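This report concerns only the one structure given below.
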């Protein structure tokens, strides 16, 4: 009979989600693994293990990480099947794309609304060009 509870050494889907969200939030805050580790009292290697789901994150450690990242602990978890939970999952999926966090951080520093619209138009145009080339 299959045991639905994971063994202590095996990462669950939730462990993977928590790790990916730690990474996305850390990057969005411009923190290195070292800086986050120092802030919560662990090595950067331990942060890597959390982010890669090699090691599970304990409740008190996750609370420390949330505090440093300025986020509620609930942001690390999937919550139900409603539209809000789905939207949160999609946002984190987008942030995992290489360069997405850097692009967003750069974009929000642009104060001029007209320039923001032009940058957005440029990115959309580049995406269309790539889609057209792939078709």
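Residue numbers (the numbering used here): 1 to 135. The beta-carbon is built from N, C-alpha and C at its ideal position, and this holds for glycine as well. As the structure is a computational prediction, the values presented were derived from the model and not from experiment.
Inter-residue spacing [alpha-carbon to alpha-carbon] between residue i and residue j
i	j	result
residue 101	residue 9	31 angstroms
residue 24	residue 113	26 angstroms
residue 108	residue 58	33 angstroms
residue 64	residue 126	40 angstroms
residue 48	residue 40	14 angstroms
residue 2	residue 72	Its pLDDT being 48, under 50, residue 2 is placed unreliably by the model, and the measurement read from it follows with that caveat. For residue 2 and residue 72, the distance between alpha carbons rounds to 34 angstroms.
residue 52	residue 133	34 angstroms
residue 50	residue 19	5 angstroms
residue 12	residue 30	27 angstroms
residue 129	residue 95	22 angstroms
residue 28	residue 70	11 angstroms
Residue i, DSSP secondary structure in three states
i	result
residue 107	helix
residue 126	helix
residue 33	helix
residue 10	coil
residue 42	coil
residue 77	coil
residue 57	coil
Nearest-angstrom beta carbon gap, residue j and residue i [assumed within contact, 8 angstroms]
i	j	result
residue 90	residue 17	With 8 angstroms as the limit, residue 90 and residue 17 do not qualify as a contact, their Cβ atoms being about 13 angstroms apart.
residue 21	residue 68	Not really, about 14 angstroms apart at Cβ, beyond 8 angstroms.
residue 56	residue 93	The Cβ separation is near 22 angstroms, so there is no contact.
Any non-hydrogen atom of the ligand MG within 7 angstroms of residue i CB
i	result
residue 69	Looking for the ligand MG in the displayed structure turns up nothing, as the structure carries no ligands at all.
Exercise. Could you say if the region 90-109 and the region 35-45 meet the contact criterion of at least three C-beta pairs nearer than 8 angstroms?
Key: Contact annotation: the region 90-109 does not touch the region 35-45, with fewer than three C-beta pairs closer than 8 angstroms.
Exercise. Determine contact between the region 107-126 and the region 35-54, defined as no fewer than three beta-carbon pairs at a distance below 8 angstroms.
Key: As far as the Cβ criterion goes, the region 107-126 does not touch the region 35-54, which means the pair count is below three.
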